[in-house]
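Q: For any residue, its number in the working numbering is found by taking its place in the sequence shown, counting from 1, and adding 367.
Supplied in structure tokens, the structure appears directly below.
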Amino acid sequence: MPFIESFNNANTMIVGASQGIGLGFVRHLIQDTRINNIYATYRQQQTAQELIELTEEYPKKLTCIQMDISDETQIVEAVKNISAKINKLHLVINCVGLLHEGDLQPEKSLRQINPENLLRYFQINSIGAVLLAKHLLPLFRHQEPSVFAAISAKVGSIGDNQLGGWYGYRASKAALNMLMRTAAIEYGRSCPQTLVVTLHPGTTDTNLSRPFQRSVPPEKLFSVERTVSQLLTVIEKLEAGDSGQFFSWDGSKLPW
Ligand SMILES: NC(=O)c1ccc[n+]([C@@H]2O[C@H](COP(=O)([O-])OP(=O)(O)OC[C@H]3O[C@@H](n4cnc5c(N)ncnc54)[C@H](OP(=O)(O)O)[C@@H]3O)[C@@H](O)[C@H]2O)c1
Numbered sequence: 368m369p370f371i372e373s374f375n376n377a378n379t380m381i382v383g384a385s386q387g388i389g390l391g392f393v394r395h396l397i398q399d400t401r402i403n404n405i406y407a408t409y410r411q412q413q414t415a416q417e418l419i420e421l422t423e424e425y426p427k428k429l430t431c432i433q434m435d436i437s438d439e440t441q442i443v444e445a446v447k448n449i450s451a452k453i454n455k456l457h458l459v460i461n462c463v464g465l466l467h468e469g470d471l472q473p474e475k476s477l478r479q480i481n482p483e484n485l486l487r488y489f490q491i492n493s494i495g496a497v498l499l500a501k502h503l504l505p506l507f508r509h510q511e512p513s514v515f516a517a518i519s520a521k522v523g524s525i526g527d528n529q530l531g532g533w534y535g536y537r538a539s540k541a542a543l544n545m546l547m548r549t550a551a552i553e554y555g556r557s558c559p560q561t562l563v564v565t566l567h568p569g570t571t572d573t574n575l576s577r578p579f580q581r582s583v584p585p586e587k588l589f590s591v592e593r594t595v596s597q598l599l600t601v602i603e604k605l606e607a608g609d610s611g612q613f614f615s616w617d618g619s620k621l622p623w
């Protein structure tokens, strides 16, 4: 039987909701009458205008919080802010991710390896997620079925890596998978009603993938709306033993 039959009166948090898949989750969940509250985080105002406008349109249901995931003090502040209003979370989806940013571009070969860029990938794609796991744990200490998901990527699968390249992004997603798997074990002891999973969204039409879409056949490039609804289906079908697993958008399990 699915772990979460319905999210009635659920409190949710979408991390990295300014654009792309994160903003798509907010748009979808706003229309879902089972959801009571959505706490949506963004890093900078410049890219968060749509999210901020949505907050003005749905002030009761949607709250925006500024939070850079690479700064632990900002995570602590955001969690404090949420904890002042509610005492439990039922669904958290971390959608933060970095593939390219200005001069930082995915490496095609060892010649392009740059320690600072590698650290930046790990800081945003891996460490931020485990800091969230650390500070959100108290809000998952309750008896209602809950899910803490992080959006990973299939290219973070070590077993599936046939193509090479993208050293920093691949390694940081592999590290994310290990950190979430380890957190799943601890959550299993501290808040056993919460499943911790990593999810591969499939190639999705966002700013992150845009420079790399040429080689993707159109039927394999998902719209944000499609990705969001596929991932929510995977989340709703999770079963009690699924914590610590890495799922693809179609619900299949991916190799580590
Ligand atoms: N799109 C794909 O094809 C694809 C495929 C596989 C996996 N993924 C994964 O899916 C997730 C969502 O990606 P997306 O495609 O929606 O990309 P996106 O549109 O570029 O969104 C990435 C989000 O991460 C936020 N972010 C980046 N650095 C941050 C930081 N230091 N602190 C807080 N937020 C930060 C961005 O905020 P700003 O607006 O401030 O930049 C943005 O909201 C990522 O984990 C990505 O790796 C995507």
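Each residue gets a CB set at the ideal place from its N, CA and C atoms; glycine is no exception.
#1: In whole angstroms, what separates the C-alpha of Arg410 from that of Leu504?
#2: Which ranges would you report for the alpha helix (DSSP H) in the stretch 373 to 404 if only whole runs of at least 4 residues count?
#3: Under three-state DSSP, which class holds His624?
#4: Give the secondary structure of Asn461 by DSSP, where H, G and I count as helix, E and B as strand, and everything else as coil.
#5: DSSP puts Lys627 in a beta bridge; with which residues?
#6: Roughly how far, in whole angstroms, is the beta-carbon of Val463 from the beta-carbon of Gly531, given that I think they are within contact range, below 8 Å?
#7: Are there 16 or more other CB atoms within 10 angstroms of the CB of Leu486, so buried, or fewer, so exposed?
#8: Please find out if some non-hydrogen atom of ligand 1 comes closer than 8 Å to the beta-carbon of Thr573.
#9: Closer than 6 Å by C-beta to Ile314: which residues in its own chain qualify, once you throw out the five before and the five after it? Chain order, please.
#10: Taking DSSP as the reference, what is the three-state secondary structure of Gln479?
#11: For ligand 1, is there any heavy atom lying closer than 8 Å to the beta carbon of His567?
#12: Please say whether Arg548 and Thr561 have beta carbons closer to each other than 9 Å?
#13: Just how far apart, CA to CA, sit Gly391 and Val591?
#14: Measure the beta-carbon distance from Lys428 to Asn404 and round it to whole angstroms, keeping in mind my assumption that it falls under 8 Å.
#15: Assign Gln597 to buried or exposed, taking buried as 16 or more other Cβ atoms, counted over all protein chains shown, within 10 Å of its Cβ.
#16: With hydrogens ignored, establish whether the beta-carbon of Ile491 is closer than 8 Å to any heavy atom of ligand 1.
#17: Following the continuous beta strand (DSSP E) through Leu566, name the residue where it begins and the one where it ends.
#18: So Gly555 and Ser610 are in contact, right, with Cβ under 8 Å, and what is the actual spacing, rounded?
#19: Is it the case that the Cβ atoms of Ser437 and Ile491 are separated by a distance below 9 Å?
#20: DSSP puts Phe589 in a beta bridge; with which residues?
A: This is what the structure gives:
#1: 22 Å
#2: 387 to 397
#3: A question about residue 624 goes unanswered here, because the residues of the chain that appear run from 368 up to 623.
#4: strand
#5: This structure gives no information on residue 627, because the portion of the chain shown stretches from 368 to 623.
#6: Incorrect: roughly 25 Å between the Cβ atoms, too far for contact.
#7: exposed
#8: yes
#9: Within the shown structure, residues of the chain are numbered from 368 to 623, placing residue 314 beyond reach of any answer.
#10: helix
#11: yes
#12: no
#13: 6 Å
#14: 6 Å
#15: buried
#16: yes
#17: 561 to 567
#18: 6 Å
#19: yes
#20: Thr571
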